[in-house]
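Have a look at the structure below before the remarks.
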Amino acid sequence: MATLFERIIAHELPATIVYQDERVTAFRDIHPRAPVHILIVPAKVIPTANDIADGDEALIGHMFTVARDLAKREGIAADGYRLIMNCNAHGGQEVYHLHLHLLGGKPLGPMVSV
Ligand code: DGP
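If you read the sequence shown in our numbering, its first letter stands for residue -15, the second for the next number, and so on.
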């Protein structure tokens, strides 16, 4: 069965897609935690960071260059932003299709609240 994010990538479910190429899709998070909150998702289904293979290095790098370009386009590059990848239960992962959160547009406070 397709993951939720696969269905967004295939345009089967609605989302505000801000970037798409053959390797990654970026769309706005449905529950934004900051004025800018974008998810950068590979077309390849990698469930968690634990499942990243050595051969995925270029793909993971591409996710970061897309994040960099989107930060510039969204006007948050100079002030700064945060890139987050949650893994499994203790990381707070909800969707088991790898994704990079791009958050910014305000001071984001401490890295981890305890
Ligand atoms: P994580 O906890 O790292 O797995 O984050 C999953 C994020 O995905 C969470 O911030 C909310 C977002 N999300 C969940 N379902 C949808 C959806 O249907 N559409 C969009 N745009 N975002 C979603």
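Just so you know, even glycine gets a beta-carbon here, dropped at the ideal spot from N, CA and C.
Would residue i and residue j qualify as a contact pair, given that the criterion is a beta-carbon distance under 8 Å?
i        : j     : result
Val25    : Arg12 : no
His21    : Leu67 : no
Thr(-13) : Tyr65 : no
Pro19    : Gly89 : yes
Val8     : Met69 : no
Val50    : Ala10 : yes
Glu(-10) : Val29 : yes
Applying the criterion that 16 or more other CB atoms from any shown protein chain within 10 Å of the CB defines a buried residue, is residue i buried or exposed?
i       : result
Leu(-3) : exposed
His74   : exposed
Ile(-7) : buried
Leu60   : Looking at the sequence provided, one finds Ile at residue 60 rather than Leu. Buried, by the Cβ-count rule.
His83   : buried
Ala55   : buried
Where does residue i sit, in a helix, a strand or coil, going by DSSP?
i        : result
Leu84    : strand
Ile14    : coil
Leu(-12) : helix
Q) Which runs of the beta strand (DSSP E) fall wholly inside the stretch 30 to 82 and span at least 3 residues, in chain order? A) 65 to 68
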